[in-house]
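I have placed the structure first, in the form of structure tokens, so that the comments after it can refer back to it.
There are 2 protein chains.
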Amino acid sequence: MKKINIAIIGLGNIGTYLFKYLNKNKKILAKKNNCIPNVLYVSAKNKAKKRDLKISKKLWLKNYLEATKSKEIDLIVELIGGAEGPAKKLVFNALKNKKHVVTANKALIAKYGDKLAKIAEANKVNLEFEASVCGGVPVIRSLKEGLIANKINKVYGIFNGTSNYILSSMTNRNQNFREVLADAKKLGYAEANPSADLNGSDVSDKLKILSSLCFNSFINNNIHVEGIKNIDKDDINFASRLGYKIKLLGFSELLNNNIYQRVHPTLIKKSSYVGSIDGVLNAVIIDGDPVGRSIIQGEGAGPAATTSALVSDISSILRGNIKFPFSISSKERKKLKFKNISERNFSAYLRFEVLDKSGVLSNITKIFSLNKVSIKRLVQNPKKNKGISSIVIITHETKDRYLNKIIKLISNKAYIIKNPKLIRIDQN
Amino acid sequence: MKKINIAIIGLGNIGTYLFKYLNKNKKILAKKNNCIPNVLYVSAKNKAKKRDLKISKKLWLKNYLEATKSKEIDLIVELIGGAEGPAKKLVFNALKNKKHVVTANKALIAKYGDKLAKIAEANKVNLEFEASVCGGVPVIRSLKEGLIANKINKVYGIFNGTSNYILSSMTNRNQNFREVLADAKKLGYAEANPSADLNGSDVSDKLKILSSLCFNSFINNNIHVEGIKNIDKDDINFASRLGYKIKLLGFSELLNNNIYQRVHPTLIKKSSYVGSIDGVLNAVIIDGDPVGRSIIQGEGAGPAATTSALVSDISSILRGNIKFPFSISSKERKKLKFKNISERNFSAYLRFEVLDKSGVLSNITKIFSLNKVSIKRLVQNPKKNKGISSIVIITHETKDRYLNKIIKLISNKAYIIKNPKLIRIDQN
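Just so you know, the protein sequences line up as chains A and B, in that order. Each residue of the first sequence is one higher than the last, beginning at 1 in this note's numbering. Each residue of the second sequence is one higher than the last, beginning at 1001 in this note's numbering.
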């Protein structure tokens, strides 16, 4: 039987899990793919930290870049992480030297995926990155294969388990962001430095990759990104009273030949499918023609789910299934129009914390009407004995820039005691 | 660029949709797969019925079996249907003559899939049947590729849109089976002869195929099958009051090295994921190690969704992605122990329509206790002024044969005025 020699570079939680998995499941994978996955080399920054792994000395590379030069190696699994530095060097060199690459590195693919794909195609090797988007959810393979027939109009969903866990916990326990975050760190649902998870940049990287796969376009950095740090308990409670949950969602959609990419906290109906996904799960919704709406849901992170994705990529290479990294040749990928969301219409939730005195409400509603934003619902909540009030407004659909203009105009008013909030609503 | 010549045999709703799709999307499919899908021949029982299709005369085969002999043809798409007759003849002959086959025919695969796979493997051609299970839901490709790393413990879900539509409508409109069915036929959600959809045999075929893919076993006919014809409005209302919906579910699960396959109406919590899937949608839930729980949801039937599946299979062949039809070589597939569910434990809903007289309740509960079935909840509902009563019992978990024994024992009692009901409960 044919054999593919593999080097695993990076032995953190994921690399360690994958190493053990491949040792344990070599036979069954060989049977399924008609080719043996043979781990020949490994490398890690700090060998001493190698936990409970018993790795024979001869497997260790002296320098991780040797993997890109060794004639024995067919396939390199990059698990270093980060868009720059060693990961970048490793993957560029590997593809240049005609090694297949499997990576879980969304930052690298979101930044250099286009360049890397060209090298992979020229050298007829695979560049596979299922594990970079939503861990165990096989969304990339589904877009490239199971749903290949479809013209995709929209992809959206929950792409970050940490932020979904935090928002779900704030909702279910009526706790503040800081309390829940501290707890999530203790439980291992948030990293020591969770900023990429919370500021939307993790979702942004994943969404850019999905967009390019859905629309056959190059990766585009025109994307609106907001995180969840400014969502507070009051927002969650007001949303709940109006029938909504707040979720950090990513959207990429084709409207009148323009593509809009956006990541932001979103009010979504409690009864909707996305509204029902709590905790660390990920869910991807794809609208395509002819298939209609497809949903794929599963565990988005962690060594086990990520290994499931890495092994699906490795298996594809074992079977000799050479595909274009982005589903279509780089020569055929398009430069589509990616547009800023300022001209796109949204219905939105706005919240103003104001001094509770006469004339404030009429001033606010006047600013709305002067700026072409019509109000669908308005709730005024005075805080007892404090002389302050929350005004929550749900708007009809209007251009995003009108919504932002209103926020800006009202922010400067003397009666405003806290930065106003703007959270877009999704009607699905 | 390479070219694959295709014959489409059968031009009903699906064949017609596929023919048009392939003509319209030839270029983009060629680009994605680096190979041109060329429809060279078609065949249909009744040419005169060819709707609005303008098919050039030279495309028509005189006899559909010519496709299996023609040296020009590489790939045959079988859309005749049925486990026997022309479909069987076509697919066996095609594979024997080294033609790739793509089919949407679940009955054929569930009955002859093992034999057909052996021929396909011996002749190194593909036998692909994504469209045979849940239409546009790419579950087969996900099991064979995206989730290939996983040891599957359980697969279950909603595999039939017609029955799900009928049960959902009975629930939402508080109508009887007959009323809803008549309506579903008018709307095109049920066929003129919907018996395979309603008696569970459609789900049974799909589940057998999924089982063999999940557990690397041969197709096995040890399967418990019940349909939805006996579910009435009262069952739906009682279930609802207890927090459940009734769904027709298929389950295949590995428990202590035994596989249990079963299709039956099931009480499932309203708040569960499956409980929330209404209408004609299909949903497949897969429990695997290491991935955890994965869900794939989408449109399960209709020409558009089915074409999405057929084209994913055709594309796989265009890319030269030759795989074992059942994920693993026939030589490696196992004969696993498939067990009857009689020894498996269930919690269940039982309903007895009885004469409303003293001693009945105590007799019923006595029979339960004598037969080792303990009662979790009991609701007695007298029907006003009619002298009859409904007794609904939710049991703790107990062996299926004990539940059936109770039904049998109580059925014979003089106070019983209607066949008692047994509906198993799923706790997920």
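We treat Cβ as the ideally placed atom computed from N, Cα and C, and that holds for glycine. If you're wondering where the values come from, they're calculated on a predicted model, not measured in any experiment.
Unbroken alpha helix (DSSP H) run spanning residue i, endpoints
| i | result |
| --- | --- |
| Ala1184/B | Phe1177 to Leu1187 |
| Pro265/A | Here Pro265/A belongs to no alpha helix (DSSP H); instead the beta strand (DSSP E) covers Asn258 to Lys269. |
| Asp1234/B | Lys1233 to Arg1241 |
| Ala7/A | That residue, Ala7/A, is in no alpha helix (DSSP H); its beta strand (DSSP E) goes Lys3 to Ile9. |
| Ala1067/B | Glu1066 to Lys1069 |
| Leu1116/B | Lys1106 to Ala1122 |
| Asp1426/B | Asp1426/B -> not in any alpha helix (DSSP H); beta strand (DSSP E) instead, spanning Lys1421 to Asp1426. |
| Ser369/A | Val360 to Leu370 |
| Ile1014/B | Asn1013 to Lys1024 |
| Asn321/A | First-last for Asn321/A: undefined, no H or E at that position. |
Residue-level contact to chain B via CB, residue i, 8 Å cutoff
| i | result |
| --- | --- |
| Val311/A | yes |
| Gly136/A | yes |
| Arg401/A | no |
Extent of the continuous beta strand (DSSP E) run through residue i
| i | result |
| --- | --- |
| Tyr41/A | Ile36 to Ser43 |
| Asn282/A | Leu281 to Asp289 |
| Arg377/A | Ile375 to Lys383 |
| Gly1157/B | Lys1151 to Ile1158 |
| Lys245/A | Tyr244 to Leu255 |
| Ser389/A | Ile388 to Thr395 |
| Asn960/B | Only positions 1001 to 1428 of chain B appear in this structure, which leaves residue 960/B out of reach. |
Within chain B, partners of residue i - CB distance below 9 Å
| i | result |
| --- | --- |
| Ser252/A | None at all; the shortest Cβ gap to chain B is about 19 Å. |
| Asn321/A | Glu1145, Ser1316, Arg1319, Gly1320, Asn1321 and Lys1323 |
Sub-8 Å separation of residue i and residue j beta-carbons
| i | j | result |
| --- | --- | --- |
| Ile166/A | Ala184/A | yes |
| Val1284/B | Val1125/B | no |
| Lys1186/B | Ile148/A | no |
| Ala190/A | Thr162/A | yes |
| Ser212/A | Phe326/A | yes |
| Asn63/A | Ser272/A | no |
| Gly1135/B | Thr1306/B | yes |
| Phe1019/B | Leu1011/B | yes |
| Pro194/A | Ile231/A | no |
| Ile228/A | Ala110/A | no |
| Cys1035/B | Lys1057/B | no |
Closer than 8 Å to chain A by CB, residue i
| i | result |
| --- | --- |
| Val1284/B | no |
| Glu1121/B | no |
| Ala1304/B | yes |
| Ser1308/B | yes |
Rounded straight-line distance, which links the Cα of residue j to that of residue i
| i | j | result |
| --- | --- | --- |
| Glu353/A | Ser1132/B | 57 Å |
| Ser995/B | Ser142/A | In the structure as shown, chain B starts at 1001 and stops at 1428, and residue 995/B therefore has no counterpart that could be examined. |
| Ser252/A | Gly188/A | 30 Å |
| Thr68/A | Leu90/A | 7 Å |
| Glu226/A | Arg424/A | 11 Å |
| Tyr1436/B | Arg1401/B | Absent from the model: residue 1436/B. The displayed extent of chain B is 1001 to 1428, so no value can be given. |
| Gly387/A | Lys413/A | 17 Å |
| Lys331/A | Gly113/A | 14 Å |
| Ile286/A | Ile140/A | 11 Å |
| Leu1355/B | Ile1416/B | 7 Å |
| Asn1321/B | Ile341/A | 40 Å |
| Ala1196/B | Lys1099/B | 30 Å |
| Val311/A | Pro86/A | 23 Å |
| Ala104/A | Gly1279/B | 37 Å |
Chain-ordered neighbours of residue i on chain A, where CB pairs are closer than 7 Å
| i | result |
| --- | --- |
| Ile1328/B | Lys31 and Lys32 |
| Ser1276/B | Ser276 |
Neighbour list for residue i in chain B, Cβ cutoff strictly below 7 Å
| i | result |
| --- | --- |
| Gly146/A | Pro1138, Arg1141, Ser1142 and Ser1312 |
| Thr171/A | None at all; the shortest Cβ gap to chain B is about 15 Å. |
| Gly298/A | Val1291, Gly1292, Arg1293, Ser1294 and Ile1295 |
Contact list for residue i against chain A, beta-carbon separation under 8 Å
| i | result |
| --- | --- |
| Tyr1021/B | Ala149 and Pro290 |
Contacts of residue i in chain B (Cβ-Cβ under 8 Å)
| i | result |
| --- | --- |
| Glu332/A | Lys1031 |
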